[in-house]
Structure formats: structure tokens, C-alpha cells
Amino acid sequence: MKDLVAIAKLVKPRGLRGEIVADILTDFPERFENLGVVFVVKPN
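The sequence shown begins at 4 in the working numbering and counts up by one.
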């Protein structure tokens, strides 16, 4: 998993349906509209 790139930082839970507030780490979020798979990892 060396080729991972951070695209957002998960900030806090929101709502009652498991939604999560995320700070996107780019000025062009449309880059990520067609991603097939996204991994969520906990930093060490």
C-alpha cells in the first residue's frame, strides 16, 4: 500500500445515517468523481 494518496481528512460524524464530514485536500474535487475504490486508513 505504498501508492496511497490522501484525498481528504475525515473530521467528525454527522447526522443519523452514518455520514461523515470530510475536509477535501484539493482545490479541484471533481478529480475524484470517477474513483472506483477509496480506502479509509487510520494514521499510525
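We put the beta carbon where it would ideally sit given N, CA and C, even for glycine. These numbers were taken from a predicted model, which means no experiment stands behind them.
Annotation: the continuous beta strand (DSSP E) that includes Glu22 extends over 22-27. Between Lys12 and Asp26, the CB-CB gap stays under 8 Å.
Rounded to the nearest angstrom, the gap between the Cα atoms of Val40 and Thr29 is 18 Å. Taking the Cα of Pro32 as reference, the smallest distance to any Cα among Lys5, Ile10, Asp6 is reached at Ile10. A straight-line Cα-Cα distance of about 18 Å links Arg20 and Val43.
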